[in-house]
Amino acid sequence: GAGVSQSPSNKVTEKGKDVELRCDPISGHTALYWYRQRLGQGLEFLIYFQGNSAPDKSGLPSDRFSAERTGESVSTLTIQRTQQEDSAVYLCASSPLWQGINQPQHFGDGTRLSIL
Amino acid sequence: AQKVTQAQTEISVVEKEDVTLDCVYETRDTTYYLFWYKQPPSGELVFLIRRNSFDEQNEISGRYSWNFQKSTSSFNFTITASQVVDSAVYFCALSDLSGGYQKVTFGTGTKLQVIP
């Protein structure tokens, strides 16, 4: 498909386990964002990648959270030693860059993470 | 610093009524971009509009219209003759120089319920 693809769509895991979430952006989109959305809440910025530049990690809530992206391809968000408060929908978005300005973001369907 | 405030948490209207969703933003920059996104019950966020700070002309798209007023730092969204399909959570967002026009800050969203 042509949209942002996230996997898995749902993940249930036990507290203390590590999880890895994947995002496949739209081809050609240099910018990639991760957000967290708790039930009934707004979008909480986690991390932003722009091409090969150093990522903006200012939104990561703790050192248990990390993300990687190679070039302009797939990104993975890893949560170590999961806690119940990590339960949320994790949204990925990508956008192209035009004249130095990021264009509107295209969102994936999200990964719904449930920590037991 | 960027900040977006959507004071209305939830709004309910009867079908065919007009409804306005409020958005107030804070930025120290003179050049910035404002966005509205729609998140229907299915979950995927959909881009609705982007406006740059130099263009204060109001915009109308079908039943949707946006009123941008720099004097009050507001970017309000009006739906005319609402329909049940308009039921969704609507997010206002901002990007400015402090975020390199890359990082986007979202408001907490307004949940709109249109009752048939």
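Protein chains in written order, with our numbering: chain A, 180 to 295; chain B, 142 to 257.
Using N, Cα and C, we set each Cβ at its ideal position, and we do this for glycine too.
In this text the structure is predicted, and so the values were computed from the model without any measurement.
Counting along the chain, Val145 of chain B sits inside the beta strand (DSSP E) bounded by residues 144-146. Straight through space, the alpha carbons of Trp213 of chain A and Ser223 of chain B are spaced by roughly 32 angstroms. In the assembly as shown, Thr172 of chain B is an exposed residue. Its beta-carbon has fewer than 16 other beta-carbons within 10 Å. Within the model, the alpha-carbon separation for Asn231 of chain A versus Glu156 of chain B is close to 48 angstroms.
For Asn193 of chain B, the uninterrupted beta strand (DSSP E) segment begins and ends at 187-193. Excluding five sequence positions before and after Lys252 of chain B, the CB atoms of its chain that fall closer than 6 angstroms to its own CB belong to Glu151, Val230, given in chain order. DSSP links Ser215 of chain B through a beta bridge to B:Val165, B:Gln210. Residue-level contact by beta carbon fails for Val165 of chain B and chain A, as no gap is shorter than 8 angstroms. Residues of chain A whose Cβ lies closer than 8 angstroms to the Cβ of Thr246 of chain B are, in chain order, Phe224. With three or more CB-CB distances shorter than 8 angstroms, the segment 258-266 of chain A counts as touching the segment 239-246 of chain A. Cβ atoms of Thr257 of chain A and Glu199 of chain A come within 8 angstroms of each other, at about 5 angstroms. Counting only the Cα atoms, Ser206 of chain B lies some 6 angstroms from Glu200 of chain B. In the DSSP annotation of this structure, Ala233 of chain A is not part of any beta strand (DSSP E), being labelled neither H nor E.
What Glu185 of chain B touches in chain A, judged by beta-carbon distance under 8 angstroms, is Phe286, Gly287, Asp288, Gly289, going in chain order. The bridge partners DSSP lists for Ala234 of chain B are B:Phe176, B:Phe247. Within the model, the alpha-carbon separation for Thr249 of chain A versus Gly289 of chain A is close to 20 angstroms. Closest option to Arg191 of chain B, judged by alpha-carbon separation, among B:Gln254, B:Cys233, B:Ile256: B:Cys233. Taken through DSSP and simplified to helix, strand or coil, Glu199 of chain A comes out as strand.
At least one CB atom of chain B sits nearer than 8 angstroms to the CB of Asp235 of chain A. With a threshold of 8 angstroms between beta carbons, Arg191 of chain B makes contact with chain A.
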